[in-house]
Each structure stands twice: as C-alpha cells, then as structure tokens.
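So the sequence lines, in the order shown, correspond to chains A and B.
Under this note's numbering, the letters of the first sequence match residues 1 to 291, in that order.
Under this note's numbering, the letters of the second sequence match residues 1 to 277, in that order.
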Amino acid sequence: NLSDKLQDVFKKISGKGKISEENITEAIREVRRALLEADVNLKVVKDFINNVKEQAIGQEVIKSISPGQQFIKIISDAMIELMGGENQTLATSEKSPTVYMMVGLQGSGKTTTSAKLALNLRKQGKRPMLVAADIYRPAAIKQLEVLGKQINIPVFSLGQISPVEIVTKSLVFAKENGHDYIILDTAGRLHIDVELMDELVKIKQVVNPTEILLVVDSMIGQDAVKMSESFNEYLNITGVIATKLDGDTRGGAALSIKAVTGKPIKFMAMGEKLDALEPFHPERIASRILG
Amino acid sequence: MHGKTKIDEDLLEEIEEILLESDVGIQMTDKIVGKLRELAKENRFLPEEVMPSLFDYLKSELSMEEERIIVDEDRLNIILMVGVNGTGKTTTTGKIAAKLSISDYSVILAAADTFRAAAIEQLEVWSQRANVPLIKHQENSDSAAVVYDAIKAANARKTNVLLIDTAGRLHNKAHLMDELKKIRRIIDSEAPNAKLEVLLVLDATTGQNGLSQAMVFKEAVNLTGIVLTKLDGTAKGGVIFAIKNSLNLPIKLVGVGEGLEDLRDFQPQIFIDALFS
Ligand SMILES: Nc1nc2c(ncn2[C@@H]2O[C@H](COP(=O)(O)OP(=O)(O)OP(=O)(O)O)[C@@H](O)[C@H]2O)c(=O)[nH]1
Ligand SMILES: Nc1nc2c(ncn2[C@@H]2O[C@H](COP(=O)(O)OP(=O)(O)OP(=O)(O)O)[C@@H](O)[C@H]2O)c(=O)[nH]1
Ligand SMILES: [Mg+2]
Ligand SMILES: [Mg+2]
C-alpha cells in the first residue's frame, strides 16, 4: 500500500534532515498513482499534489517519526482539510415545511436515501413526509411507498402526473397535515439531459428547497467531476451524500466532488437498511483513499 | 537519417490523460502507453501513424470470440443477470427480453430479487412492456425457490430463453455472494444441459472498483460476459480494458438509455472512438 511504498522511497532520504524538491519527486509519483487508483479525478490529483508538495518542502523531518509517515500525515491532513470542516448538518427553514430535494444520476441511491433521511428526522421527533416525484422509473412510486410503510412515514404521491405539479401540491398537503419536513425523491437523470435538468430547475423554483442534496454512488470514477459540476451549475446544490460506502470502493470521487464544487459532503450511506446513514467523517474517507 | 522514431512526448502525455480520464486506470494506462512506445520504435512510426496504431491496438485488446449472445435453438438458454446495486440489471433484463421476443424466441422472466422494495413490481412492468411471462413469488421469499420454479416452468413449456434478474449486491458481502452461488448451483443441478450466460451488469460510471467487482463475481459464479450500462452518459467505461486484460471477459452488450430499445451489441470500434472524441 501507499504507506509501505513511501517508507521505501524515503529510506533513501532519511537522515538528510529536510524534505526537498529533489527527494520528494519519487514520493509524489507514488502518491499520484495511489490517488488515481482510488478514483480521484486526474485534474484534482494534479492540483492536490502541487498543494501537498508546497506544504511538504522545507519541512523538517520530525525526529520521532519516519519521513514516510510524516509525508503520509501531510497528505492525509490536506485531504481531511479539503473534505471536512464545513457545515455538515441539514439546515431547517424558518418557514415550515422545510424541503429537502434529492437529485443525482440513475441508480445512485436517491430513493433509499430519501427514506433514510426521513427515518432520521422522525427519530429526532420531527414529522417528515416523503414525496414520490419520480414518474418515469417503473414502480418507483411503489418503491417509495413500500419504504415509507416500513418506517411508518407517509408518502405523498399523485401517480404519474407532472413532477412540478406533484411537488406543488405536496407543499399544500404538508401544511394541511402538519408535516414540518418534506423529502422530495426525484428521478435519476443524466446531467447532459437538458430537458430533465430543466425539470429539476422548475421543481426548485416552485418549492424553494432548503437543501438540494446530490446523491452520489461512491464507486463512481472520473465522471464524478463532470457530473457534479453540472448538477451544481444547474441547481447550486447545498450538499452531497455518498452512498454504498459499505462496499470496498476507495471513494476518491468524494474528494474530487468536494474539490470542484466546494459543496460539503453531509452524509455517508453504508448499507441497504434504512438506518444505514451516518454523518460524513472526512478522516474515514481519507484513510480509504490512501488505502 | 537514423531510423529511430521518437514519439512526440506531448502526444503521449495527451493520450495518457485521455485514458486516465476515461477510467482506464493508471496500471492499464501505463501498459497501453508503454506498448505504444514499443510499437512506435519497432515500426518507426510517422507522426500520423501513432493514433491509428493506438486504435488498432486497443481494438485488438477488446475484441474476442463469443462477443454476442447467441441463442441455441435446440435447448434451454439461461441468462443470469448479476451485479452490484443500481447498475441496471432489472432494466437490462427487460431490454434483453424484448429483443429476444421480437426475434421470435419464447422468453420467460424470473423475478429472483425477492429482497428490494418493489423489485418484483418493477420487473413486472418490464415483462408487460416486452410482452413475456414472469415467474415471481412473494416479496421476501427465497430467491433460490423462484429460480427453481422458473427452470421447471421453462423446461415444461420448452421455452427458448429464461432470463433471471437477481438482487443487487456488493461483492464484499460474503453472505450475499453465497446466495448467488446457491442460485448458480440450482441452475447447474436443475438445468445441467442448458446453455448458460452469466452476465455482470456494470455501470459505465464505475471507476477502478469495476475490476474488483468483475474479479469477485467471476470467482463466485463464473461470469461469461459483461453488460456495460449507462453509456449514454458522459462516462467512458474505460475500466473494461483492465477487466479484459485480467479476466478475458467479453463485453457483450451496452445499455444506452432507459427505454426498451436502448440496448446495443458491443462494438469495440465505436467504444474506442468514443474514448477519444
Ligand atoms: N449496499 C448499499 N446499497 C445501497 C445503498 N444505497 C442504496 N443502495 C441500493 O442501491 C440500489 C439503488 O438504490 P435506489 O434508491 O433505487 O437508487 P435511485 O437513485 O433512487 O435510483 P433511480 O431512481 O433509478 O435513479 C438499490 O438496490 C438500493 O438498495 C448503500 O448505501 N449501500
Ligand atoms: N441512462 C441510463 N440509465 C439506465 C440504463 N440502464 C439502467 N438505467 C437506469 O438506472 C437505474 C437503475 O436501474 P435498475 O434496472 O433498477 O438497476 P438494478 O441493477 O436492477 O438495481 P438493483 O436491483 O437495485 O440493484 C434506473 O433508473 C434505470 O432506468 C442505461 O443504459 N442508461
Ligand atoms: Mg429512485
Ligand atoms: Mg434490480
């Protein structure tokens, strides 16, 4: 793994006191390889490495730990700083109901995550409701209804009519029935599908969500950047939820998405069960990426 | 005039970037670029020969026998769809069913995802769209039992093709991979003479994890091919080079959309052109 490779690289330079431009070149190459293998986007890798290089050069090699370990720590700290430290809770609107809008590519986990968020809110004593705004995918509405039943949370659906109309009416329903949180499950779509991306923009205009959460499959590769930039451009997303982290993917996409959109990763989904949702911990993703 | 052609380093770097950004992965990219350097040296390429040679090399890496799904008309054909969550197994099962049905084969679908919410209902819609019968049990029943019944039905009705949709599962979950192995055992014991295709449904947006997926699923149920889905997006699916290189698995089909007809045979030339477009 990277840690071992860096130990070898730095064996040659230990005792020389300082990390310098010359002795760091091979170490940087190993880090670049590790990040690319972990699915961090190529452009993000380049920027990140230059950044780390600046920080590392001139640093005194601390006597107590090996240079390899020190270098790993610099990288890990830089990653944690890049990904963390932001507002990672979900905001609440001053004007009830608060609307959370779930968006993302096909199959990323929006419907499952919508139910997880709803359960989370209910456990906090709130009165959430789910809205079935995916009118395209076969049995999508049924899927959300089944999940809603499992956790005893009402699912608002009007069948396969326009999603804009569904979400408009869901606001009325929420107010009339005392729901303080609305979670909108939308259909998966490609960021290059202009018509469907405009549909999301219309939904946003109509319900004014407090959070627009991009749900991302953690096994996504280089496409994470194009995709998240596009969703962000159309919608000005407020946060990201990384799913399927119970798999063995390294999850470098999380770093890429934070780096290019600047938007915080708020949650990590770690399983198919509806309680498998945790607040985002950057140090856990950093250690996965570094392998 | 010495006969040694040195490839333009800028061009090589550009090729390297395109491959990396297409999810080819650093190891496979190094192998490809290294091979290109070697070919350029051996054959003393002119600058305009570099790209065509690269394309030819990549095409040879991806092409292989058994690239198509061919129905054997003299016995039962079983197609088992497997893969991690959300990659497009159910949708692809529906598309394949439609394609086979239009070509006048008799088809039965088996709803062996008995776990996920509304999975059976979802496949039911596809069976109606493709106009083929569906074998299903109750939600939360035993998936192996569905497979068993489906094979019985297919044999009884002398069906050409039985398509089995399974639940998505992460390959690092041993108990879920065990369930899949059990399904495989049932197929082997109840339909020993059937022609079996085991297709890994892989999302084109997947990064390097695609290689582990292919390795683990292959080890568990012995894959015969791959369906690469969601190629209508911007992801290039470059991880298939590493998969082909390590496991020699053919890409048989590609998914290019969410509709019934959005299924194509894999064409290496088209795939490679798309990488560099
Ligand atoms: N292992 C695991 N599976 C997950 C996780 N989140 C979702 N899934 C599974 O991923 C698959 C897709 O989830 P969905 O919730 O249907 O995804 P979606 O984004 O709503 O899909 P579309 O509506 O078709 O775009 C299902 O099999 C889920 O059970 C997770 O954190 N871990
Ligand atoms: N754009 C695009 N979307 C696709 C393609 N294939 C499937 N999808 C979409 O991807 C999402 C997931 O498809 P499913 O067929 O439910 O995937 P699955 O593998 O059966 O999911 P699980 O059973 O939950 O593991 C749906 O929204 C599909 O419409 C494709 O080729 N292109
Ligand atoms: Mg959904
Ligand atoms: Mg399915």
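A virtual CB, placed ideally from N, CA and C, is assigned to each residue, including glycine.
All of these numbers come straight from a predicted model, not from anything done at the bench.
For residue i, which beta-bridge partners are listed by DSSP?
| i | result |
| --- | --- |
| Thr131 (chain B) | The question names Thr, but residue 131 (chain B) is Asn in the sequence shown. Bridge partners of Asn131 (chain B): none, in fact. |
| Val161 (chain B) | B:Asn77 and B:Val107 |
| Leu202 (chain B) | B:Leu228 |
| Lys195 (chain B) | B:Asn77 |
| Asp8 (chain B) | Partner(s): none; Asp8 (chain B) has no beta bridge. |
| Thr166 (chain B) | B:Ala112 |
| Glu278 (chain A) | A:Met268 |
| Ile289 (chain A) | Paired residues: none, contrary to the question. |
| Ile182 (chain A) | A:Val99 and A:Met129 |
| Asp265 (chain B) | B:Leu253 |
| Val82 (chain B) | B:Leu200 |
List the whole-angstrom C-beta distance separating residue i from residue j, where the pair is believed to meet the contact cut-off of C-beta under 8 Å.
| i | j | result |
| --- | --- | --- |
| Gly279 (chain B) | Gly221 (chain A) | Residue 279 (chain B) lies beyond the range of chain B shown here (1 to 277); nothing can be said about it. |
| Arg217 (chain B) | Val82 (chain B) | Residue identity check: residue 217 (chain B) is Phe in the sequence provided, not Arg. The Cβ separation is near 6 Å, so the contact holds. |
| Thr98 (chain A) | Val215 (chain A) | Actually they are not in contact, since the Cβ atoms of Thr98 (chain A) and Val215 (chain A) sit about 18 Å apart, beyond 8 Å. |
| Ala254 (chain A) | Met83 (chain A) | 6 Å |
| Met177 (chain B) | Arg169 (chain B) | 7 Å |
| Gln138 (chain B) | Pro138 (chain A) | With 8 Å as the limit, Gln138 (chain B) and Pro138 (chain A) do not qualify as a contact, their Cβ atoms being about 19 Å apart. |
| Glu197 (chain B) | Ile108 (chain B) | Actually they are not in contact, since the Cβ atoms of Glu197 (chain B) and Ile108 (chain B) sit about 15 Å apart, beyond 8 Å. |
| Thr87 (chain B) | Thr229 (chain B) | 6 Å |
| Asp23 (chain B) | Lys182 (chain B) | About 32 Å; that fails the 8 Å criterion. |
| Thr243 (chain A) | Asp275 (chain A) | No, Thr243 (chain A) and Asp275 (chain A) are not in contact; Cβ-Cβ is about 14 Å, not under 8 Å. |
| Asp180 (chain A) | Ser66 (chain A) | That pair is no contact at about 53 Å. |
| Ala34 (chain A) | Val52 (chain A) | With a Cβ gap of about 12 Å, Ala34 (chain A) and Val52 (chain A) do not count as contacting. |
| Ile212 (chain A) | Val164 (chain A) | About 15 Å separates the two Cβ atoms, so there is no contact after all. |
| Val45 (chain A) | Arg32 (chain A) | 6 Å |
| Val225 (chain A) | Asn50 (chain A) | Their Cβ separation, rounded to whole angstroms, is 17 Å, which puts Val225 (chain A) and Asn50 (chain A) out of contact at 8 Å. |
| Leu184 (chain A) | Lys169 (chain A) | Actually they are not in contact, since the Cβ atoms of Leu184 (chain A) and Lys169 (chain A) sit about 12 Å apart, beyond 8 Å. |
| Ile102 (chain B) | Leu163 (chain B) | Incorrect: roughly 14 Å between the Cβ atoms, too far for contact. |
| Ile272 (chain B) | Leu58 (chain B) | 5 Å |
### Query
Taking Cβ-Cβ distances below 8 Å as the criterion, which residues of the stretch 17-33 of chain B are in contact with chain A?
Glu17, Leu20, Glu21, Ser22, Asp23, Gly25, Ile26 and Gln27
### Beta carbon nearer than 7 Å to a non-hydrogen atom of ligand 3
A:Lys110, A:Thr111, A:Asp134, A:Arg137, A:Ala140, A:Gln143, A:Asp185, A:Ala187 and A:Gly188
### Message
Against chain B, which members of the stretch 193-221 of chain A pass a CB distance test of less than 7 Å?
### Response
Asp217, Met219, Ile220 and Gly221
### Task
Can you give me, in chain order, the residues of the stretch 83-117 of chain A that have a beta carbon less than 7 Å from any beta carbon in chain B?
Leu105, Gln106, Gly107, Ser108 and Gly109
### Message
Ignoring anything shorter than 4 residues, give me the alpha helix (DSSP H) runs that lie fully in the stretch 121-173 of chain A, in order along the chain.
### Response
140-150
### Task
Could you run through the stretch 146-179 of chain A and flag, in chain order, every residue whose CB is less than 8 Å away from some CB of chain B?
Val146, Leu147 and Gln150
### Message
I'd like the ranges of any alpha helix (DSSP H) spanning at least 4 consecutive residues and lying wholly in the stretch 205-248 of chain A.
### Response
223-235
### Message
Beta carbons nearer than 7 Å to chain B: which residues of the stretch 22-49 of chain A have them?
### Response
Arg33, Leu36, Glu37, Asp39 and Leu42
### Sequence-ordered residues whose beta carbon comes within less than 7 Å of a heavy atom of ligand 4
B:Lys89, B:Thr90, B:Asp113, B:Arg116, B:Ala119, B:Gln122, B:Asp165, B:Ala167 and B:Gly168
### Message
Tell me which residues of the stretch 187-208 of chain B have at least one Cβ-Cβ distance to chain A shorter than 9 Å, keeping chain order.
### Response
Asp203, Ala204, Thr205, Thr206, Gly207 and Gln208
### Query
Residues in the stretch 229-252 of chain A with C-beta within 8 Å of chain B's C-beta atoms, listed in sequence order?
Lys244, Asp246, Gly247, Asp248, Thr249, Arg250 and Gly252
### Message
Please identify, using Cβ separations under 9 Å, the residues of the stretch 84-95 of chain B that lie next to chain A, in order along the chain.
### Response
Val84, Asn85, Gly86, Thr87, Gly88, Thr90, Thr91 and Gly94
### Message
What are the residues in the stretch 41-66 of chain B lying within 8 Å of chain A by C-beta distance?
### Response
none
### Task
Taking only beta carbons into account, state which residues of the stretch 100-123 of chain B come closer than 9 Å to chain A, listed in chain order.
Phe115, Arg116, Ala117, Ala118, Ala119, Ile120, Glu121, Gln122 and Leu123
### Message
Taking beta-carbon pairs under 7 Å, can you tell me which members of the stretch 119-133 of chain A lie near chain B?
### Response
none
### Query
Taking a cut of 8 Å between CB atoms, which residues from the stretch 255-274 of chain B lie near chain A?
Glu258
### Task
Starting from the N-terminal side, write out each stretch of the beta strand (DSSP E) that is 3 residues or longer and does not extend beyond the stretch 70-124 of chain A.
98-103
### Against chain A: residues of the stretch 125-152 of chain B by CB proximity under 7 Å
Val125 and Trp126
### Query
Residues in the stretch 2-13 of chain A with C-beta within 9 Å of chain B's C-beta atoms, listed in sequence order?
none
### Query
In chain order, what residues of the stretch 153-181 of chain B put their CB closer than 7 Å to some CB of chain A?
Leu170 and Asn172
### Query
Using a beta-carbon distance cut-off of less than 8 Å, what residues from the stretch 269-287 of chain A approach chain B?
Glu272
### Message
Tell me which residues of the stretch 218-231 of chain B have at least one Cβ-Cβ distance to chain A shorter than 7 Å, keeping chain order.
### Response
Lys230
### Query
Closer than 9 Å, Cβ to any Cβ of chain A: which residues of the stretch 72-83 of chain B, in chain order?
none
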